[in-house]
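A.B. asks: This structure is in structure tokens; I'll ask about it shortly.
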Amino acid sequence: MSENRPPQSPLTLQAMLFGHALTQVLVSLHQSGIPAQLAQQPQDTETLARNTGLEVSALQQFLLVTEQAGFIQQDATQHYRLTDTGQCLLPDHATTMIPLLEHAALSYPAWARLTHSLRTGKAAFPEAYGADIYDYFATHPADNEAFRRYMAHTTQAWLAPAVSCYPFSGHVIDLGGSQGDFSALLLQHYPELRSTVFDLPETVASASEVLAAAGVTERSHIQAGSFFEPTQIPTDGTHYLFSRVLLNWSDDQVVQILRNCRQAMPASSKLVILDCVQIPQADLAAEMGNLNLLVMFGAKVRTQSLFEDLIQQAGFNTPQWIPASKVMDKLPLYYLEARL
Ligand SMILES: C[S@@+](CC[C@H](N)C(=O)[O-])C[C@H]1O[C@@H](n2cnc3c(N)ncnc32)[C@H](O)[C@@H]1O
Numbered sequence: 250m251s252e253n254r255p256p257q258s259p260l261t262l263q264a265m266l267f268g269h270a271l272t273q274v275l276v277s278l279h280q281s282g283i284p285a286q287l288a289q290q291p292q293d294t295e296t297l298a299r300n301t302g303l304e305v306s307a308l309q310q311f312l313l314v315t316e317q318a319g320f321i322q323q324d325a326t327q328h329y330r331l332t333d334t335g336q337c338l339l340p341d342h343a344t345t346m347i348p349l350l351e352h353a354a355l356s357y358p359a360w361a362r363l364t365h366s367l368r369t370g371k372a373a374f375p376e377a378y379g380a381d382i383y384d385y386f387a388t389h390p391a392d393n394e395a396f397r398r399y400m401a402h403t404t405q406a407w408l409a410p411a412v413s414c415y416p417f418s419g420h421v422i423d424l425g426g427s428q429g430d431f432s433a434l435l436l437q438h439y440p441e442l443r444s445t446v447f448d449l450p451e452t453v454a455s456a457s458e459v460l461a462a463a464g465v466t467e468r469s470h471i472q473a474g475s476f477f478e479p480t481q482i483p484t485d486g487t488h489y490l491f492s493r494v495l496l497n498w499s500d501d502q503v504v505q506i507l508r509n510c511r512q513a514m515p516a517s518s519k520l521v522i523l524d525c526v527q528i529p530q531a532d533l534a535a536e537m538g539n540l541n542l543l544v545m546f547g548a549k550v551r552t553q554s555l556f557e558d559l560i561q562q563a564g565f566n567t568p569q570w571i572p573a574s575k576v577m578d579k580l581p582l583y584y585l586e587a588r589l
């Protein structure tokens with residue numbers, strides 16, 4: 250049980266109520282190209298309106314908000330420039346927030362249908378976009394590419410410290426491996442390792458560039474397919490890895506995916522899952538991340554005992570847990586290793 254917290258002030262409640270508007274301010278700041286313009290040179294409102302094609306009076310209103318929110322500041326000559334925080338909206342900044350911002354833009358219409366998820370226990374994404382997220386990506390390449398950028402960004406931020414926490418060897422089948430960012434890190438860290446990046450055709454298409462940029466092409470293989478089709482899953486792996494994949498699926502679907510994987514796995518191979526594990530009393534950011542899984546995928550962060558239950562339903566032995574890194578310094582990531 251949570252301890253009794255002091256009541257929020259009306260002003261804090263008001264800020265919460267208009268959180269969605271602030272999200273859209275950031276998304277529009279990015280989409281309008283203002284940060285790139287101001288990075289070139291400070292500009293007054295009229296010049297900025299001309300260079301971005303925005304309506305000058307609307308831009309004036311908008312800039313007052315973005316200034317108060319701390320992204321830009323005006324100098325004595327009425328020219329705007331980016332603040333240090335605003336620099337995070339540039340693509341090549343060391344701590345760029347653009348991949349997260351793009352994901353916020355995608356998830357935003359789905360969050361507007363949160364009540365649907367609460368009533369049905371299912372994802373709200375199809376209510377907003379007319380299809381489940383991965384079916385939607387198949388016909389919307391720009392959004393799929395933005396999601397891959399989000400995965401690449403969070404792989405570096407959250408998964409890189411986890412690379413050395415499990416002793417990978419042999420041939421890893423990286424199921425749902427996106428464009429190969431995590432495989433690339435594994436292959437760089439373990440010089441004898443081989444990897445097959447397995448994902449949907451539209452996602453795996455860019456993997457060769459990522460693996461080549463990491464200098465690991467010779468030890469990597471790319472295979473397009475679906476883990477809902479057992480015959481498409483490679484049969485020559487020693488480790489069958491699901492990194493941040495099962496948290497996109499319902500309990501029934503997870504059991505199905507794991508059964509499909511089991512059919513393809515050689516008898517001596519291992520199942521390896523890398524995923525967040527639910528902890529009691531996580532903070533607001535972690536709980537929002539968990540709720541985001543409901544909204545986008547109809548899924549959730551699981552407890553260790555639920556994972557063990559699902560794995561056993563799929564026919565695997567009791568797993569071993571190996572602690573890895575933490576997401577945003579809070580939510581624990583674990584490797585779970587199980588045998589047939
Ligand atoms: C949340 S991402 C995780 C990506 C990567 N493993 C990581 O940790 O960064 C889930 C991945 O599962 C892939 N995926 C979704 N449905 C799939 C399917 N039916 N078969 C194979 N991969 C699938 C998606 O394309 C996506 O790349």
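Heads up: the sequence shown begins at 250 in this note's numbering, then just goes up one per residue. Glycine residues also receive a C-beta, built at the ideal position from the N, C-alpha and C atoms.
For residue 428, is the classification buried or exposed, using 16 other Cβ atoms within 10 angstroms of its Cβ as the cut-off for buried?
C.D. replies: So residue 428 counts as buried.
A.B. asks: Of all the options 270, 446, 463, which has the alpha carbon lying nearest to the alpha carbon of residue 473?
C.D. replies: Considering only alpha carbons, the answer is 446.
A.B. asks: For the alpha helix (DSSP H) that residue 506 lies in, which residues bound it at each end?
C.D. replies: Taken as a continuous stretch (DSSP letters only), the alpha helix (DSSP H) holding residue 506 covers 500-513.
A.B. asks: Could you tell me the alpha carbon to alpha carbon distance between residue 346 and residue 334, rounded to whole angstroms?
C.D. replies: Distance between the alpha carbons of residue 346 and residue 334 is about 10 Å.
A.B. asks: What separation, rounded to the nearest whole angstrom, lies between the Cα atoms of residue 320 and residue 444?
C.D. replies: When rounded, the distance between both Cα atoms is 42 Å.
A.B. asks: Under the DSSP definition of a beta bridge, which residues are partnered with residue 438?
C.D. replies: Residue 438 is not bridged to any residue.
A.B. asks: Let me know if residue 440 comes out buried or exposed under the rule of 16 or more other beta-carbons within 10 Å of its beta-carbon.
C.D. replies: Exposed, by the Cβ-count rule.
A.B. asks: Classify residue 426 as buried or exposed, calling it buried when 16 or more other Cβ atoms lie within 10 Å of its own Cβ.
C.D. replies: The residue is buried, with at least 16 neighbouring Cβ atoms inside 10 Å.
A.B. asks: Express the C-alpha separation of residue 542 and residue 497 in angstroms, rounding to a whole number.
C.D. replies: Between residue 497 and residue 542, the C-alpha separation is close to 7 Å.
A.B. asks: In terms of alpha-carbon separation, which member of 488, 259, 448 lies closest to residue 478?
C.D. replies: For the residues 488, 259, 448, the minimum Cα distance to residue 478 belongs to 448.
A.B. asks: By DSSP, does residue 345 sit in helix, in strand, or in coil?
C.D. replies: Coil, per DSSP.
A.B. asks: Looking only at its own chain, which residues have a Cβ that is under 6 Å from the Cβ of residue 526, when we skip the five neighbours before and after it?
C.D. replies: Once the five neighbours on either side are set aside, the close Cβ partners of residue 526 are 553, 581, 583.
A.B. asks: For residue 584, list the residues DSSP reports as bridge partners.
C.D. replies: 523, 571.
A.B. asks: Just curious, the beta strand (DSSP E) that residue 322 is in, first and last residue?
C.D. replies: Segment 321-323, the beta strand (DSSP E) holding residue 322.
A.B. asks: For ligand 1, I want to know if residue 281 counts as a neighbour, meaning its beta carbon is within less than 7 Å of at least one of the ligand's heavy atoms.
C.D. replies: Every heavy atom of ligand 1 is 7 Å or more from the Cβ of residue 281, so no.
A.B. asks: My understanding is that residue 421 touches residue 486, with C-beta atoms under 8 Å, so please give their C-beta distance in whole angstroms.
C.D. replies: Contact flag correct, Cβ pair sits at about 7 Å.
A.B. asks: Would you identify the three-state DSSP class for residue 328, choosing helix, strand or coil?
C.D. replies: It is coil, neither helix nor strand.
A.B. asks: Would you please state the rounded distance, in angstroms, between the beta carbons of residue 557 and residue 568? I believe it to be under 8 Å.
C.D. replies: Right, their Cβ atoms sit about 6 Å apart.
A.B. asks: Pick helix, strand or coil for residue 388, following the three-state DSSP scheme.
C.D. replies: Correct three-state label for residue 388: helix.
A.B. asks: Could you name the residues of the same chain whose beta carbon sits closer than 7 Å to that of residue 386, not counting the 5 residues immediately before and after it, in chain order?
C.D. replies: Counting only Cβ-Cβ distances below 7 Å, and skipping sequence neighbours, we find 392, 393, 396, 451.
A.B. asks: Hey, would you say the C-beta of residue 542 is under 7 Å away from at least one heavy atom of ligand 1?
C.D. replies: No.
A.B. asks: Which complete beta strand (DSSP E) runs does the region 466-499 hold, if anything under 3 residues is left out?
C.D. replies: DSSP runs (the beta strand (DSSP E)) wholly in the region 466-499: 469-473, 488-492.
A.B. asks: Could you tell me if residue 521 is buried or exposed, where buried requires 16 or more neighbouring beta carbons within 10 angstroms of its beta carbon?
C.D. replies: By the 10 Å Cβ count, residue 521 comes out buried.
A.B. asks: Going by beta carbon distance, what residues of the same chain come within less than 7 Å of residue 508, once the five residues before and after it are set aside?
C.D. replies: If we look at residue 508 and ignore the five residues flanking it on each side, its Cβ neighbours are 563, 564.
A.B. asks: Starting from the C-beta of residue 523, find all residues in its chain whose C-beta is less than 6 Å away, skip the five residues before and the five after it, and write them out in chain order.
C.D. replies: So the list reads 492, 584, once near-sequence residues are dropped.
A.B. asks: Do residue 366 and residue 377 count as a contact pair if the criterion is CB distance below 8 Å?
C.D. replies: Result no, Cβ atoms of residue 377 and residue 366 do not sit closer than 8 Å.
A.B. asks: Assuming residue 546 contacts residue 283 under a Cβ cut-off of 8 Å, what Cβ separation, rounded to an integer in Å, is found between them?
C.D. replies: No, residue 546 and residue 283 are not in contact; Cβ-Cβ is about 32 Å, not under 8 Å.
A.B. asks: So, helix, strand or coil for residue 448, using DSSP?
C.D. replies: Of the three classes helix, strand and coil, the one that applies to residue 448 here is strand, per DSSP.
A.B. asks: For residue 250, count neighbouring Cβ atoms within 10 angstroms of its own Cβ and tell me buried if that reaches 16, exposed if not.
C.D. replies: Note that residue 250 has pLDDT 49, beneath the 50 cutoff, so the model's placement of it is unreliable and the number below is only indicative. When all chains shown are included, residue 250 counts as exposed.
A.B. asks: I'd like to confirm something about residue 499: is its beta-carbon nearer than 7 Å to some heavy atom of ligand 1, or not?
C.D. replies: No; taking the cut-off as 7 Å, the Cβ of residue 499 has no heavy atom of ligand 1 nearer than that.
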